[in-house]
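The sequence shown begins at 26 in the working numbering and counts up one residue at a time. From the three backbone atoms N, C-alpha and C, an ideal C-beta is built for every residue, glycine too.
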Amino acid sequence: MESTDNQVREMVHTRHRRRRTLLVSLVATVAVGGAALLGAGLVRASNSAPDEAPDAVPAGVAGDKAGLAVSDGAVRVDVYFDYLCPECRNLEQRTAAEVKTLKSGGKVTLVYHPVAFLNGYSSPAGYSTRAASAAACAAQEGRFEPYHAVLFDKQPPERGPGLSEDQLIAAGRDAGITGDSFASCVRQDTYRPWVTYVSDMAASRKVAMTPTVTVNGRRVDVTGPDAGAAIVRAVEEAGR
C-alpha cells in the first residue's frame, strides 16, 4: 500500500458478498497522534449483517461463528486482521508477550477474525481470502495458532501474487501439520465462504480497518508505542 510519512492513501477494491456485490471506494488520510498508520487495511463498513454462517466452519469457531476462539476467560478480546496487512503483522509481533500472558492466566477469551479486506492488493486478486481459508484449514487440524504465526512470518509483499497454493500447504508443514487432509482442504478452498462471512460480519460491526482490537466490544487504540500495555489495561478495566 502506497504511503507517505504521515499518510495512508487508500483504496479502490471490490468485495464479493453472498447476497450482492459491494463496490467500495475509499480514499483516506489517517493521522493518529501525529504518527502515520502504515500498512493498514481499510474498508467501508456495511450497515447490514450478512446471511447466516455457511455450513462448513472450522473447528474452534466462536459462538457467532465469525471468528476462531483460542483461549477461554472472563474478558473477550477480538482481533480483526488481514494476512496481507503489514501493520497486522507488526501488531502481532509487538503484543505477543502480553497476549501470551493474558491467555496463560486464563483472563481472556481471545477470538481471531481473519478478514479479507485487502484482496485487491494482491495480483492476481484474492490472496487475503486464500490465506484466511488456509488458516481455517489449519484450525480444523487443531493447528491454527502455529499456522497463523507462520503466515505472518512468510507474509508476502502487497501488489504481488501472495503465497501460492503449494506454499500455503508447505507452511502447514512448518506449523506441524501432517497428513493429506490439510492439503486437500487448501486446494479445495473449503472455507472460502466462511472467510466471506467473517469479513462481512466484521464490516457490519463497523470494523473498517485492520488491525482492529476490541475488549468486551470496546475498541482499543493499538496505534501507540505500547499496544500490548494498552490491551492489558483494557482487559484489567473490563474485568473490574
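For V260 and V102, believed in contact at Cβ under 8 Å, the rounded distance:
7 Å
Residue environment, S147, which counts as buried when at least 16 other CB atoms sit within 10 Å
buried
Just checking, does the stretch 213-226 make contact with the stretch 246-256 on the three C-beta pairs under 8 Å criterion?
no
Reducing DSSP to helix, strand and coil, say where D214 ends up.
coil
Backbone CA spacing between G92 and S153 [nearest angstrom]:
15 Å
Looking at A159: is its Cβ nearer than 8 Å to the Cβ of L193?
yes
For P111, which three-state DSSP category applies?
helix
Beta-carbon contacts of Q180 that lie in its chain and below 6 Å, excluding the five residues immediately before and after
R114
In chain order, which beta strand (DSSP E) runs of at least 3 residues are fully inside the stretch 90-135?
100-106
Please look up how many angstroms separate the CB atoms of D107 and T237, rounded, as I've assumed it's under 8 Å.
D107 to T237, Cβ: 10 Å. No contact.
If you compare alpha carbons, which of A196, L188, T134 and P139 is closest to P149?
L188
From G253 to L135, what does the alpha carbon distance come to, in whole angstroms?
14 Å
Pairing CB atoms from the stretch 160-174 with CB atoms from the stretch 202-221, are three or more of them under 8 Å?
yes
Are V95 and Y137 closer than 8 Å when you measure CB to CB?
yes
Whole angstroms are fine: how far does the CA of A121 sit from the CA of P171?
13 Å
Buried or exposed for G88, please, with buried defined as at least 16 other CB atoms from any protein chain shown within 10 angstroms of its CB.
exposed
Alpha carbon to alpha carbon, how far is V257 from A99? Give it in angstroms, no decimals.
14 Å
Given this structure, state the Cα-to-Cα distance separating S129 from R119, to the nearest angstrom.
18 Å
Between the alpha carbons of A78 and R217, how many angstroms are there, rounded?
12 Å
First and last residue of the uninterrupted alpha helix (DSSP H) at T154
Y152 to Q165
In three-state terms, what does DSSP make of V86?
strand
Just to confirm the assignment, what range does the beta strand (DSSP E) spanning R244 have?
R243 to V245
Thinking just about the alpha-carbon of each residue, which of E183, D76 and V211 is nearest to the one in A156?
V211
Mapping the DSSP letters down to three states, classify P236 as helix, strand or coil.
coil
V232 to A141, Cα distance in whole Å?
12 Å
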